[in-house]
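Trainee: Okay, handing you the structure first.
Numbering (full-length UniProt numbering), first residue to last: 1 to 365.
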């Protein structure tokens with residue numbers, strides 16, 4: 001199932017007001033996503049009382065790290081009419097789902113070309129029941145304006161700001177993952193709202209008190225890198241021979257100690273193998289963001305599923321699908337999104353959003 005996403009525009013100097021605008025704009029959609037996530041948490045063995053406790057722990061952790069993000073969640077709760085803990089549970093869904101029991105997840109694949117100014121494309125693979133649970137956004141009022149794709153009720157996911165800093169996201173898994181830290185989606189939101197330079201973005205990520213593992217890929221005027229995060233620290237993975245690839249296993253050997261066995265392997269390694277084979281000739285790696293999308297195409301029977309298709313008969317918690325294909329051109333401050341997988345992209349509607357400064361021109365770092 002594909003969907004034409006809503007574009008939400010938020011513009012306010014105060015974080016609470018930006019959140020309130022979000023809650024009002026997509027009030028019914030947030031309520032629907034919250035209901036689906038409650039059902040999903042239950043389906044994978046996480047009790048409702050525990051979800052609330054974990055969400056409240058994430059609120060406290062966020063308040064200690066960034067009061068602005070906590071206030072924006074409060075505003076979203078006010079605008080949507082939902083309790084704050086439900087909004088927090090959406091933003092902390094990665095952390096809460098680190099406790100999930102059940103089928104192996106299908107997950108995202110990312111490719112960045114650094115032959116010129118960094119450009120990147122990725123799949124966003126998630127539960128098919130949430131195929132209509134996302135929107136595009138234009139956000140202004142913080143230190144930097146940004147555009148992006150995110151889920152209903154979640155402050156940010158993938159995007160680029162008016163300083164040319166881009167964020168892409170892949171989940172990882174470690175045996176010590178647990179809820180209670182600052183949600184990785186909020187870490188990315190802070191990067192987009194505050195980072196003026198590549199180094200500032202790196203420092204935000206390195207200093208984030210996360211409790212669950214993720215790989216955040218940064219693109220910007222300073223280059224590109226993937227920052228792998230787990231509860232014990234952070235590591236920076238740099239491009240090699242003009243390309244930066246990531247799927248869902250740790251590439252840094254130190255952080256890989258304690259990687260959760262059997263969660264994403266061997267699928268993650270097989271997807272990485274496919275991408276490595278397709279980018280082996282450095283001189284032929286595309287330099288345009290949209291030209292990277294065909295490298296993410298797969299079909300049934302291929303070595304691995306770069307494009308996720310739900311298994312027949314799978315139930316809630318097991319129905320993994322590629323919900324969107326996202327490309328970033330940070331020199332143009334441009335996000336391009338199409339619903340569905342890279343295999344759908346040639347015929348799919350493509351929506352482009354550019355991150356502009358308040359003066360209506362590209363901000364230069």
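Positions of the beta carbon are idealized from the N, C-alpha and C atoms, including for glycine. Bear in mind the structure is a predicted one, so any value in this text is a computation, not a measurement.
(1) On the criterion of 16 or more Cβ atoms from any shown chain inside 10 Å, does residue 228 qualify as buried, or is it exposed?
(2) Just to confirm the assignment, what range does the beta strand (DSSP E) spanning residue 158 have?
(3) Please classify residue 302 as buried or exposed, where buried requires at least 16 neighbouring CB atoms within 10 angstroms.
(4) Note down the Cα distance separating residue 102 from residue 126, rounded to an integer number of angstroms.
(5) Hey, would you say residue 130 sits closer than 9 Å to residue 41, going by beta carbons?
(6) Based on Cα-Cα distance, which residue from 33, 35, 83 and 36 lies nearest to residue 56?
(7) Which two residues bound the contiguous beta strand (DSSP E) that contains residue 73?
(8) Hey, could you find the ends of the beta strand (DSSP E) residue 202 is sitting in?
(9) Alpha carbon to alpha carbon, how far is residue 326 from residue 170? Give it in angstroms, no decimals.
(10) If contact is defined by three or more beta carbon pairs under 8 Å, each pair taking one atom from either stretch, is the stretch 76–93 in contact with the stretch 31–49?
(11) In chain order, what residues of the same chain lie with their CB nearer than 7 Å to the CB of residue 74, ignoring the 5 residues before and after it?
(12) With DSSP as the reference, please indicate the residues paired to residue 26 in a beta bridge.
(13) Looking only at its chain, what residues have a beta carbon closer than 6 Å to the beta carbon of residue 11, apart from the 5 residues adjacent to it on each side?
(14) Could you have a look at residue 258 and say whether DSSP puts it in helix, strand or coil?
(15) Just how far apart, CA to CA, sit residue 241 and residue 53?
(16) Could you give the first and the last residue of the continuous alpha helix (DSSP H) run that contains residue 91?
(17) Quick check: residue 119 and residue 148, are their CB atoms within less than 9 Å of each other?
(18) When you compare only the Cα positions, how much space is there between residue 145 and residue 312?
(19) State yes or no: is the C-beta of residue 243 within less than 9 Å of the C-beta of residue 114?
(20) Could you compute how far the alpha carbon of residue 194 sits from the alpha carbon of residue 70?
(21) Flag this pair as yes or no: are the beta carbons of residue 154 and residue 192 separated by less than 9 Å?
(22) So if DSSP puts residue 127 in a beta bridge, which residue, or which two residues, is it bridged to?
Mentor: In short:
(1) Label assigned to residue 228: buried.
(2) Element bounds for residue 158: 158–161.
(3) A residue is called buried once 16 or more other Cβ atoms fall within 10 Å of its Cβ, and residue 302, having fewer, is exposed.
(4) Roughly 15 Å between the two C-alpha positions.
(5) No, the Cβ-Cβ distance between residue 130 and residue 41 is not below 9 Å.
(6) If we check each option's Cα against that of residue 56, 83 comes out closest.
(7) No beta strand (DSSP E) contains residue 73, which is instead part of the alpha helix (DSSP H) from 67–80.
(8) Where residue 202 is concerned, there is no enclosing beta strand (DSSP E), although the alpha helix (DSSP H) it sits in stretches over 198–206.
(9) Taking the straight line from one Cα to the other gives about 13 Å.
(10) Touching, yes, given that three or more Cβ pairs across the two stretches are closer than 8 Å.
(11) Answer for residue 74: 16, 19 and 84, listed in chain order.
(12) Beta-bridge pairing links residue 26 to no other residue.
(13) Hits under 6 Å: 140 and 141.
(14) Here residue 258 carries a coil assignment [DSSP, helix/strand/coil].
(15) When only Cα atoms are considered, residue 241 and residue 53 end up about 46 Å apart.
(16) Residues 84–91.
(17) Not a contact, by the Cβ cut-off of 9 Å.
(18) Computed Cα separation, rounded: 42 Å.
(19) Closer than 9 Å, so yes.
(20) The straight-line gap separating the alpha-carbon atoms of residue 194 and residue 70 is approximately 15 Å.
(21) Residue 154 is not a Cβ neighbour of residue 192, given a cutoff of 9 Å.
(22) 320, per the DSSP bridge assignment.
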